[in-house]
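Below: the structure, in structure tokens.
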Amino acid sequence: MLTPDQIKPFLLHADPDVRSLATGYFSDSWSEDPELLPLVLDACERHGFEDNLHNLFLAGHFVITEPSLERLLDCLARAVDRQTIDHLNRVVAHAPGEVLRSRREAIERHDKILPEFHTRLRRRQEYLDWSGERLWDELRRFARRSESKRHVGEIDHGYADDLIDALGGHDVPDAGTICRLLERPGPRAGWLETFLVDLAGRRRLKEAVPILVDKFFIDTDYLLERSSDALARIGDPKAVRLIRRAYPDAPFHFRLYTSGVLGKIKHPESEAAILDLLERETDPSLRVWLCSALCELISEQSVDIVRREIASGSEEALRELCSPALAVATILGVKPPPGSEKWERERRRQRLAIKQMRQAWADLVERNPAVLAEGPLAGLDLGEEPEPPVTAPIRKTGERVGRNDPCPCGSGKKYKKC
Numbered sequence: 003m004l005t006p007d008q009i010k011p012f013l014l015h016a017d018p019d020v021r022s023l024a025t026g027y028f029s030d031s032w033s034e035d036p037e038l039l040p041l042v043l044d045a046c047e048r049h050g051f052e053d054n055l056h057n058l059f060l061a062g063h064f065v066i067t068e069p070s071l072e073r074l075l076d077c078l079a080r081a082v083d084r085q086t087i088d089h090l091n092r093v094v095a096h097a098p099g100e101v102l103r104s105r106r107e108a109i110e111r112h113d114k115i116l117p118e119f120h121t122r123l124r125r126r127q128e129y130l131d132w133s134g135e136r137l138w139d140e141l142r143r144f145a146r147r148s149e150s151k152r153h154v155g156e157i158d159h160g161y162a163d164d165l166i167d168a169l170g171g172h173d174v175p176d177a178g179t180i181c182r183l184l185e186r187p188g189p190r191a192g193w194l195e196t197f198l199v200d201l202a203g204r205r206r207l208k209e210a211v212p213i214l215v216d217k218f219f220i221d222t223d224y225l226l227e228r229s230s231d232a233l234a235r236i237g238d239p240k241a242v243r244l245i246r247r248a249y250p251d252a253p254f255h256f257r258l259y260t261s262g263v264l265g266k267i268k269h270p271e272s273e274a275a276i277l278d279l280l281e282r283e284t285d286p287s288l289r290v291w292l293c294s295a296l297c298e299l300i301s302e303q304s305v306d307i308v309r310r311e312i313a314s315g316s317e318e319a320l321r322e323l324c325s326p327a328l329a330v331a332t333i334l335g336v337k338p339p340p341g342s343e344k345w346e347r348e349r350r351r352q353r354l355a356i357k358q359m360r361q362a363w364a365d366l367v368e369r370n371p372a373v374l375a376e377g378p379l380a381g382l383d384l385g386e387e388p389e390p391p392v393t394a395p396i397r398k399t400g401e402r403v404g405r406n407d408p409c410p411c412g413s414g415k416k417y418k419k420c
């Protein structure tokens with residue numbers, strides 16, 4: 003496996019898939035390297051913000067220093083495209099309260115900070131003056147107030163995230179309390195269980211790793227996404243060992259979500275675990291997830307593994323793996339394997355589909371400006387009932403929707419990977 007310093011230069015690469023893979027490498031593990039965000043902004047200015055929106059989204063996991071915030075505000079002042087403005091606002095909203103406070107006046111008078119983000123930025127600064135006990139009390143109260151809200155889209159995740167970020171700098175609740183509450187959440191834990199998973203990740207609590215891995219035996223969705231992020235942020239290879247041991251006999255949903263965790267923990271043990279599990283996994287879809295995780299590690303073995311998987315005749319493997327495998331080959335400085343012309347054709351098809359989708363969205367906005375009045379599709383009469391939102395951390399069985407489904411953009415790739 004390459005070192006982070008070997009991968010960092012590829013944040014500026016001319017190929018968008020290479021940039022995306024390199025950015026994802028650091029974003030997956032919530033890298034604390036302060037040089038990353040400036041490099042992403044360099045790439046945006048060199049190659050255009052429109053072609054780097056996904057990387058800006060990923061950059062929300064990066065450290066934001068005072069100079070980085072100054073740079074973000076400058077980029078925002080010069081931005082004209084609404085999507086770019088929105089993405090830059092979202093990155094600014096992840097800045098620590100003390101960094102925001104250092105530029106309070108500039109933020110307050112900045113005409114490109116959107117109204118909904120002004121509220122959040124003020125709140126993050128306000129929380130600097132709250133004690134750990136007060137923050138913890140408010141997080142629990144917010145969880146109780148949200149008890150009747152059973153869907154992800156029904157609660158203000160930004161409010162919870164800001165409380166959790168602020169609590170991350172305190173020792174209330176302590177590690178023992180977090181682990182105890184996570185291990186025995188109780189029948190009415192509701193949203194507090196999810197918030198504690200996030201707090202364990204924010205604190206990088208290694209003590210919580212076994213408890214978080216056990217969460218994957220619960221057949222749900224959002225809680226497992228949060229557990230995946232928490233384990234990635236903690237970055238302890240103990241999680242890899244626990245997953246590797248449990249995976250062969252575990253149910254489908256455990257294997258589906260933990261295959262992604264293995265790609266997020268950037269450690270040689272992750273690579274070894276994926277290679278071992280590929281020898282035993284027979285489900286075609288899960289094999290693709292494991293191969294994708296190997297690419298996310300930028301493993302020297304990933305290109306050949308992907309070649310064999312695609313050669314087996316799997317159209318799903320071709321759709322999901324052609325772009326990351328070609329990007330890995332570029333980063334490693336190796337030639338793509340024989341037959342990779344088919345990979346190139348599929349990658350071109352996906353890029354064209356995404357470009358057409360972007361143009362269709364731009365045309366929609368031009369015809370219906372109300373779409374952007376307050377957010378996606380705000381004010382637009384769609385003439386039909388919206389799809390039901392993804393369920394929150396409710397323990398239930400049934401057909402899984404979301405992670406393993408095709409992306410609606412038309413690329414054909416899985417929604418979670420597109």
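Throughout the sequence shown, residue numbering follows my numbering, covering 3 to 420 in sequence.
A virtual CB, placed ideally from N, CA and C, is assigned to each residue, including glycine.
Taking glutamate 100 as the centre and dropping the five residues before and after it, the same chain places the C-beta of Leu130 closer than 7 Å to its C-beta, in chain order. Contact check for leucine 258 against alanine 232 fails: the beta carbons are separated by 9 Å or more.
If you draw a straight line from the Cα of histidine 15 to the Cα of aspartate 44, it comes to about 11 Å. DSSP, read as helix, strand or coil, puts histidine 63 in helix. A straight line joining the alpha-carbon of asparagine 370 with that of leucine 58 spans about 26 Å.
Around leucine 38, the same chain offers Phe28 and Phe64 as residues with beta carbons nearer than 6 Å, after the five sequence neighbours per side are excluded. In the structure shown, histidine 153 falls within a strand segment according to DSSP collapsed to helix, strand and coil.
Looking at the backbone, the Cα of arginine 206 and that of aspartate 35 are separated by about 16 Å. Pairing isoleucine 157 with arginine 228, the inter-Cα distance amounts to about 15 Å. DSSP places proline 187 in the coil class of the three-state scheme, outside both helix and strand. In the three-state DSSP reduction, tryptophan 132 falls in the coil class, being neither helix nor strand. Counting C-beta atoms within 10 angstroms of its own C-beta, arginine 289 has 16 or more neighbours from the protein chains shown and is therefore classed as buried.
In the three-state reduction of the DSSP assignment, histidine 159 falls in the helix class, which pools H, G and I. DSSP places histidine 112 outside any alpha helix (DSSP H), giving it a letter other than H or E. Nearest in C-alpha terms to proline 18, of all of Gln8, Arg347, Leu55 and Ala275, is Leu55. Annotation for histidine 172: no alpha helix (DSSP H) segment contains it, and DSSP assigns it neither H nor E.
In the structure shown, the three-state DSSP call for asparagine 91 is helix. DSSP places methionine 359 in the uninterrupted alpha helix (DSSP H) bounded by 343 to 369. Per the coordinates, the alpha-carbon of serine 325 lies some 43 Å from the alpha-carbon of arginine 142.
The residues Val174, in chain order, have a CB closer than 8 Å to that of glutamate 135 in the same chain once the five nearest residues on each side in sequence are set aside. Assigned with DSSP and collapsed to three states, valine 305 falls in helix. Counting only runs of at least 4 residues, the stretch 274 to 321 fully encloses the following alpha helix (DSSP H) elements, listed from N- to C-terminal order: 286 to 298 and 304 to 313. For tyrosine 224, the enclosing alpha helix (DSSP H) starts and ends at 224 to 236.
Scanning Phe197, Leu123 and Arg186 for the CA closest to the CA of aspartate 139 turns up Phe197. In the DSSP assignment, phenylalanine 256 falls within the unbroken alpha helix (DSSP H) covering 254 to 266. For phenylalanine 51, the three-state secondary structure derived from DSSP is coil. If you draw a straight line from the Cα of glycine 192 to the Cα of aspartate 221, it is about 15 Å long. Arginine 146 and glutamate 195 have their C-alpha atoms some 11 Å from each other.
Per DSSP, the unbroken alpha helix (DSSP H) holding valine 101 starts and ends at 99 to 104. Within a 10 Å sphere around the beta-carbon of histidine 89 sit 16 or more other beta-carbons, which makes this residue buried.
Take the alpha-carbon of glycine 335 and the one of methionine 3: they are about 13 Å apart. Assigned with DSSP and collapsed to three states, histidine 15 falls in coil, not helix or strand. Straight-line spacing of the CA atoms in histidine 49 and valine 42 works out to 10 Å.
Contact annotation: the stretch 299 to 318 touches the stretch 273 to 290, with at least three C-beta pairs closer than 8 Å. Under the three-state reduction of DSSP output, lysine 208 falls in the helix class. Between glycine 62 and histidine 112, the gap from beta carbon to beta carbon reaches 9 Å or more.
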